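Novice:
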Amino acid sequence: MSARSILMRWRKHWSFGARSLLNPRYLYGLVNESGNRLVNWSAWSTPGVAGAFAVVCLVLFGVLITIPFSRDEQLVFSLVIVSVALYMRRYVGTLVTLVLVSLSVLASTRYLYWRCITSLQIEQSVDLLLGLALLAAELYAWIILIVGYFQTAWPLKRKPVPMPQDLSMWPTVDVFIPTYNEPLSVVMPTVIAALAMDWPRDKIKVYLLDDGRRNEFRDFAASLEVNYLTRSNNLHAKAGNINSALPETDGELIAIFDCDHIPTRTFLQATVGLFLQDSALAMVQTPHHFLSPDPFERNLQLFRLMPNEGELFYGLVQDGNDLWNATFFCGSCAVLRRTMLLEVGGVATETVTEDAHTALKLHRLGYSTAYLGVTQAAGLATESLSAHVRQRIRWARGMAQIFRIDNPLLGKGLRWPQRLCYLNAMLHFFYGLPRIIFLTAPLSYLFFEAHIIQASADLIAVYALPHLTHANIANSRMQGKHRHTFWAEVYETALAWYIMVPTTLAMINPKFGQFNVTGKGGQVEQEYFDWKTSMPYIVILVLNIAGLVVGIGRLFWWNSHEFGTVLFNLMWTAYNLTILAATLSVALEARQIRRHWRVQIDLPAMIRLPNGRTVACEVDDFSEGGLAIKLPTEVALEKGSMVRISLFRGEREFAIPAAIVFNQGLVMRARFENMNLDDYRSLVAATFSRADAWQDWLPERDIDRPLQGIREVLGVGIEGLTRLVKRIALSRQWRRLPVWKK
Amino acid sequence: MSVIVVASMKGGVGKTSVTANLAVAMAAELGAGRVSAIDLDPQNALRLHLGIEALEGQSICKQALRRRSWQSAMVDSPFGVVCLPYGLVSESEREAFEDLLVEEPDWLERQLAQTGLGDDDLVLIDMPPGPSAYLNQGFACADLILIVLLADAASYSTIVAMETWIEQIAVQRPGVQSVYLLNQTDESVRLNRDIGEVLQQRLGKRLLPVGIHRDEAVCEALAFLQPVLSYDPRCQATHDFQRLAAYLTGQADR
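Going line by line, the protein sequences match chains A and B.
With the first letter of the first sequence counted as 1, position 458 gets the number 1066 in the working numbering; the numbers rise by one all the way through.
With the first letter of the second sequence counted as 1, position 113 gets the number 114 in the working numbering; the numbers rise by one all the way through.
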């Protein structure tokens, strides 16, 4: 009797037809239909029903969080809710997202409740202290998780409001470009692109606010008929710079660009419509987009493959904030209404993150803000790990300062969702200490046998694993396009040590801390390892490796009686090692000899050859220095020949002089030569300030695949460690190691 | 059948090369044999652009004087366009032909009707520069008048005269459209760029959004008895003619 006939018999015996619950298709349909019916149930609109249902759910929620389960009961419960989440994941829609979020909140809260109630009965005082530290770190992570869900569960995704036909209704705009010590070559394209924005000429004024008081900048501004403003001091850095320009200008709206953020020509038309629509609107923020890789992307070679740190914020968090009217001002690529800015006393100067604080003050007065998630400007990312760290230290310090002196939970004027959004933004920067705790917690057992969680490993597993799994499912769904789980860990870990001290100090005394200007547009002449920045992590890494070795000893010989506990701590350490190794590879600064960043773009172009003939071609990438061209056919041209390259924007043409630097096969590279100011304007108009310049920036990317992510992080970590060890072994100067940087 | 008359008020603007190259680009767009190029310019140069050697009898002028149909004068060019050369004629023949054109203002219209071309076929007619009996004939039957300009002061100054002409026909034949094509543009020359802008302001939408770039390949192509589209298929002028053809067909479809 074959297997097939047995199956037939079995089916016949049970005789489940089309309408049997054992028929999977019927079951799916039934689930779908009842789900739909439940959602579309007419009684929802009857007053009281939804409220009563919510009360029932809350009670049920409370019960499920607090009810004590045995290990096996907890296991079954976890399996059930994880299965539900995995099943629901296949459906699209915000409602399902909210259900997944609720399940995650349930699992995590239940875990934390269990941790507080049962896993802390520790007698030894040292164990208790360490246990409490870990619990505090977990509590922090739980708050961030919950508030984060609240902040991003329902992104608003606003669209631009079209401008009215009648030009007389268009407000006057002042464009502020504050600069302090950046080279003119960085500032030039920004000023030129600001002038090229589509706006009635008599209604826009561009101001170069030079805190460096440089003649070169004054002359440059004069040559373009841009207003040049400066002041006698540098009080309050950028905020002070902008504030001192306020009395000398009069536009109804103020657009602010960091001196290296090049706006597209559509920036104003896209943003200003919102001001005409809402008279209480004080500020519109657009994304900060970076055309060069940050040190993580550069050193790990992930540029444009993986969402970077900013993408979560500009792709999701700000859109989420916008729903609650809590969009933050980010200091650049934003438009403010002058009257309202003046009402809060100009840009805030009490803290080093003047932008977020200004938005907070505006919100306190009841004004609204908006976020438009359409990239309308692009700039340079920080050039090195140390510069990146310095910048984040400033942000963290500033947020801690605001938390101290103008706490969003207290004070007048804010609605509670706004308070929560601000709370999350500030708490986010306190991740330093908790992360260091997570990175070292298992060591307390491996080295000292400190039992910081008073529970057996299997019990920890049945509580902690669903908590982590659900958090992953929900976050992957909400943030998958903007953040990849384990890479985000690497970003945060690299900064954890450095923001730990400043945030703590700022909490003690908010006056501590000075404004740091972030260095940009630099070169890294030679590959080097940033010992100075990574030393704390090397120490933690070495400790973890030692812990791993000791742990293996414990596993087989010394502590074989608590095999589960040792294994649990070993696995935790192994995970920590993976993240640490990847973090350290970031510190291996890759060579960066390019002066200008190449931006990939497909653009119709024409080369006018010295003999008067032409070639219709396409631009492959451009930078401020030159461009790469895809030729349709080979062109006989010597290196060094001068040509004119025309770039097309719609039917407009911009011709720029250039010299050939490379010509092989169908690929040609040209460097711009003898550009005068007109040529430079043409270049900016045809490239950076195009309306569609940043539209197709991101290639089709994978959504978050956590398992693949951890494999990649592991790969990067191993490679980084190998290179690091080689570097130490091969270094002739290795006895002089304490001499930082190479 | 659609009729495009290519005209200019001033000589030397590259009108004949525009007619020939546009005809070739249109033939690529619409299909070989669907486009006819008629030379009504006594310079008799259109055929050269289309790679046709002169043959006795293949002359629109002589056929007209003999009261014969066009059919036998038509030549298939190697580039997918049917060409009707003006023909190598004596001075007296030319004068006789022009007298005929003055006497019979609807001569061209009638001749076109007799060719038996289908609705989807396209006829491009090259005109001599400035006002003439040829131009009157062309205006009488054109669906579109394509006026070729250079981005220079001399061309700019002819616009007033051209517009006066066009206003006159507009009274007789209200449906006729007229557009301007900028030829031999060079964005790297300041004057060229400035006049381009002035023209844009003056003519608005009647200035075609696609211009033809100055390109040595166009002149070189003529020396090789070829349209630029086959002489240098990768050059910008070729690209421009292709885009112009695509633009005009796109407009016609609308």
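All C-beta atoms, glycine included, are put in the ideal place defined by N, C-alpha and C.
Treat the numbers as computed from the prediction; the structure is a model and nothing was measured.
Using three-state DSSP, classify A:N1032 as helix, strand or coil.
Specialist: helix
Novice: At 3 residues or longer, and completely inside the region 789 to 828 of chain A: list those beta strand (DSSP E) runs for me, N to C.
Specialist: 812 to 818
Novice: Name the DSSP bridge partner or partners of A:A1278?
Specialist: As computed with DSSP, A:A1278 is found in a beta bridge with A:L1235, A:I1268.
Novice: Which same chain residues end up closer than 7 Å to A:A989 when comparing Cβ atoms and leaving out the 5 residues on each side of it in sequence?
Specialist: F898, S900, P901, D902
Novice: Taking C-alpha atoms, which residue in A:L1041, A:V1227, A:E1242 lies nearest to A:T1112?
Specialist: A:L1041
Novice: Could you name the residues of the same chain whose beta carbon sits closer than 7 Å to that of A:T705, not counting the 5 residues immediately before and after it, in chain order?
Specialist: A761, R1085, M1086
Novice: Can you list, in chain order, the residues of its chain with a C-beta nearer than 6 Å to that of B:G81? Leave out the 5 residues immediately preceding and following it.
Specialist: Apart from sequence neighbours up to five positions away, the residues of its chain that approach B:G81 with a beta-carbon distance below 6 Å are A28, A33, ordered along the chain.
Novice: Can you pull the chain A residues whose beta carbon is under 8 Å from the beta carbon of B:D216, in chain order?
Specialist: G1220, R1221, T1222
Novice: Counting only Cβ-Cβ distances shorter than 7 Å, please list the residues of the region 1264 to 1296 of chain A near chain B, keeping chain order.
Specialist: none
Novice: B:H50 CB to nearest chain D CB: under 9 Å?
Specialist: You won't find chain D in this structure, because its protein chains are A and B.
Novice: What does B:A238 reach in chain A if we use C-beta pairs closer than 8 Å?
Specialist: Here the neighbours are T1222.
Novice: Could you tell me the alpha carbon to alpha carbon distance between A:R906 and A:F669, rounded to whole angstroms?
Specialist: 46 Å
Novice: Ignoring anything shorter than 4 residues or poking outside the region 26 to 97 of chain B, list the alpha helix (DSSP H) runs there in chain order.
Specialist: 47 to 50, 61 to 66
Novice: Does DSSP put B:A8 in a helix, a strand or coil?
Specialist: strand
Novice: Is A:R1216 closer than 9 Å to A:A1267 when the C-beta atoms are compared?
Specialist: no
Novice: Counting contacts by CB-CB distance shorter than 9 Å, is B:S18 in contact with chain A?
Specialist: no
Novice: Determine the closest residue to B:L151 out of B:D195, B:D254, B:L113, B:D120, with distance taken between C-alpha atoms.
Specialist: B:D195
Novice: The alpha helix (DSSP H) that contains B:A171, what's its start and end?
Specialist: Secondary structure note for B:A171: its alpha helix (DSSP H) is the uninterrupted segment 160 to 173.
Novice: If contacts are defined as beta-carbon pairs under 8 Å, then A:N1141 and A:V960 qualify, I think. What distance do you get, rounded to the angstrom?
Specialist: For the sequence presented, residue 1141 of chain A should be read as Thr rather than Asn. Not quite, the Cβ-Cβ distance comes to about 20 Å (not below 8 Å), so this is no contact.
Novice: How is A:R1335 classed by DSSP in three states: helix, strand or coil?
Specialist: helix
Novice: Residues of chain A with CB closer than 8 Å to the CB of B:P175, please, in chain order.
Specialist: Those do not exist, as B:P175 stays about 29 Å from chain A at its closest Cβ, beyond 8 Å.
Novice: Going along chain A in order, which residues have a C-beta closer than 8 Å to the C-beta of B:R207?
Specialist: The premise fails here: B:R207 is roughly 14 Å from chain A at the closest Cβ pair, so nothing lies under 8 Å.
Novice: Roughly how many whole angstroms lie between the Cα atoms of A:W1348 and A:A662?
Specialist: Reliability fails at A:W1348, whose pLDDT of 41 lies under 50, so the model's placement of it is uncertain and the value that follows must be treated cautiously. For A:W1348 and A:A662, the gap between their C-alpha atoms comes out near 59 Å.
Novice: Under a Cβ-count criterion, where at least 16 other Cβ atoms within 10 Å of its own Cβ denotes burial, should A:C1225 be classed as buried or exposed?
Specialist: buried
Novice: Under 9 Å between the Cβ atoms of B:N184 and B:K16?
Specialist: Between B:N184 and B:K16, the gap from beta carbon to beta carbon is short of 9 Å.
Novice: Are the C-beta of A:F1262 and some C-beta of chain B separated by less than 9 Å?
Specialist: By this cut-off, A:F1262 is an interface position.
Novice: Using a threshold of 9 Å, state whether the C-beta atoms of A:V795 and A:F1056 are closer than that.
Specialist: no
Novice: Taking all protein chains shown into account, do 16 or more other C-beta atoms lie within 10 angstroms of the C-beta of A:D1286, making it buried, or fewer, making it exposed?
Specialist: exposed
Novice: Taking 9 Å as the CB-CB limit, is A:T1241 close to chain B?
Specialist: yes
Novice: How long is the line joining the alpha carbons of A:K1128 and B:A162, rounded to whole angstroms?
Specialist: Because A:K1128 sits at a pLDDT of 47, beneath the cut-off of 50, its placement in the model cannot be relied upon, and the point is left open.
Novice: Could you name each continuous beta strand (DSSP E) segment of 3 residues or more that falls completely within the region 945 to 1027 of chain A, going from the start of the chain to the end?
Specialist: 976 to 979
Novice: Measuring CA to CA, which of A:V1207, A:M914, A:S1297, A:A942 is closest to A:L882?
Specialist: A:A942
Novice: With DSSP run on the structure shown, which of helix, strand or coil describes A:R1289?
Specialist: helix
Novice: Quick one: does A:E1259 have its CB under 9 Å from some CB of chain B?
Specialist: yes
Novice: On the DSSP bridge list, what partners appear for A:C1225?
Specialist: A:A1213
Novice: I'd like the list of long-range same chain contacts for A:I1237, defined as Cβ closer than 8 Å, with 5 residues on each side in sequence excluded.
Specialist: So the list reads A1213, I1215, C1225, E1226, V1227, D1228, I1253, V1275, M1276, R1277, A1278, once near-sequence residues are dropped.
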